[in-house]
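Report on the following structure.
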Amino acid sequence: MSGSKSITLGDLELTPLFDAYFRLDGGAMFGVVPKPLWERRAPADERNRIHLTTRPLLVRTGFTRLLVDAGIGNKMSAKNVDIYAIDRRRDLAGSLAEAGLRTGDVDLVLASHLHFDHFGGATATDESGAIRPAFPAARYLVRADEWEDATHPHERNRASYLPDDFVPLQTAGVLDLFDGDREILPGVRVHWTGGHARSHQVIYLESGGRTAVFTADMIPTTAHIDEPWIMGYDLYPMETLAFKRTFIRQAIEREYLILFEHDPVVSAGYIREKDGKKFVEPIISDS
Ligand SMILES: [Zn+2]
C-alpha cells in the first residue's frame with residue numbers, strides 16, 4: 005500500500021488521496037461496450053462487479069488546503085456496503101494523515117458533483133450518531149444547479165443522491181453555492197461538462213505552464229480513455245462523448261496530467277497514443 009505521493013505543478017502541490025475500494029456493475033460502468041471487450045481491461049467478480057476506488061484530490065496552494073471530492077465516507081448502510089463491496093480499511097482521514105494533515109486542516113471542499121461515491125465523505129457520523137460536516141473548519145463549494153438536482157432527484161438518479169451526504173452542510177451553514185465556470189483559487193478552475201449528470205464538472209489545475217485535470221466521471225479509470233467507453237449511468241451520454249472527443253485529443257497533444265478518481269491502481273498519468281492506440285503512462289500508482 006503506497007503512502008501519499010505528491011506532484012508539484014508550479015505553485016500547486018497535488019496529492020491524490022484515497023477513501024475506499026468499492027465495486028460497481030461492469031456493464032453499467034462501460035455502457036454500450038460488450039463484456040468480452042471490457043472484461044479484458046476490468047475483470048468482473050462473481051456478481052459482475054469491477055474493482056474501483058475513490059481518490060479525492062488534495063490541492064495545496066499557498067496557505068489554502070482544498071479537497072476535490074471527499075470519497076464515500078462512513079455513513080453507508082450494511083446493505084449498501086455489501087452491494088457496493090465498500091472497503092474503507094484505508095480511508096480518507098488516514099490518507100490525509102499520510103499527507104501530514106488532519107480533517108480540521110482542510111479549508112475548502114469542492115464537489116465535482118454530489119453522487120455518493122464523490123461526496124459521501126463530505127459528512128460523517130460522529131460518536132453520538134449525529135451527521136456533521138466531516139471537515140470541521142471547511143467551507144463546501146457546490147455548483148448551484150447540481151444542488152438543485154441532488155435535492156430534487158428523479159427515478160434515474162435517486163440511488164446516487166443520498167441527502168445525508170449534503171443536506172447537513174446546509175444545516176450547518178457551511179455550504180457555498182456558485183453558478184457557472186469559475187476560478188476557485190489561483191490556478192484552480194471548474195469546467196462544466198454535463199454528460200454524467202446535468203451539472204457534472206471537471207477541475208483544471210494550471211500553474212507553471214503545466215495543466216493537470218481531475219476528470220471525475222468523464223474519464224473515471226484508465227479503461228475509459230477511448231471515446232465510446234462511456235458509463236451506462238450517464239444521463240446525457242452524447243455530452244460525455246462531445247467532451248471526450250475534444251478533451252482527449254487536447255490531453256494527448258498538450259500533455260495534461262490526468263487525475264483518475266476511480267481507477268483501481270492508477271491515481272495520475274498521461275494519456276499517450278502510439279500506432280493509433282491510446283494508453284496511459286502511469287505517474288502515480290498504488291504499489
Ligand atoms: Zn463516480
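In this text, residue positions in the sequence shown follow this note's numbering: the first is 5, and each later residue adds one.
Think of the CB as a built atom: it goes at the ideal place given N, C-alpha and C, for glycine as much as any other residue.
In this structure, the beta-carbon distance from G75 to L21 falls below 9 Å. Under the three-state reduction of DSSP, W196 is assigned to strand.
Listed by position in the chain, the residues whose beta carbon lies within less than 5 Å of some heavy atom of ligand 1 are D121 and D221. No residue range can be given for S203, since it is assigned to no alpha helix (DSSP H) and is classified by DSSP as neither H nor E. Cβ atoms of I287 and I252 stay farther apart than 8 Å, at about 17 Å.
Looking at the DSSP output, I54 shares a beta bridge with L28 and A48. DSSP places P167 in no alpha helix (DSSP H); its state is neither H nor E. Taken through DSSP and simplified to helix, strand or coil, D290 comes out as coil. According to the DSSP assignment, L179 belongs to the beta strand (DSSP E) that extends over L179 to F182.
By the Cβ-count criterion, D153 is buried, with 16 or more other Cβ atoms from all chains shown falling within 10 Å of its own Cβ. Within the same chain, and ignoring the five residues on either side of G273 in sequence, the residues whose Cβ sits closer than 8 Å to its Cβ are T226, L261, I262, F264, V284, E285, P286, I287, I288 and S289. Using a Cβ distance threshold of 9 Å, I188 and L71 do not count as a contacting pair. Between the alpha carbons of H55 and D180 lies a gap of roughly 33 Å. Only residues of its own chain outside the window of five on either side were considered, and among them T19, E102 and A103 have a CB closer than 6 Å to the CB of S8, listed in chain order. R160 and T244 have their C-alpha atoms some 17 Å from each other.
Per DSSP, P241 is not a residue of any beta strand (DSSP E); the alpha helix (DSSP H) it occupies stretches across P241 to E257. In the structure shown, the three-state DSSP call for K39 is helix. For T219, there is no enclosing beta strand (DSSP E), as DSSP marks it with neither H nor E.
Restricting attention to G236, A216 and I90, the CA atom closest to the CA of R258 is found in A216. According to the DSSP assignment, L96 belongs to the alpha helix (DSSP H) that extends over L96 to E102. Between the alpha carbons of R53 and A46 lies a distance of about 9 Å. Judged by DSSP in its simplified three-state form, A82 adopts helix.
With at least 16 other beta carbons inside 10 angstroms of its own, A220 counts as buried. In the three-state reduction of the DSSP assignment, G14 falls in the coil class. Contact fails between the segment 29 to 39 and the segment 200 to 212, because fewer than three Cβ pairs, one in each stretch, are under 8 Å apart.
Closest option to G280, judged by alpha-carbon separation, among D267, S271, I256 and H266: I256.
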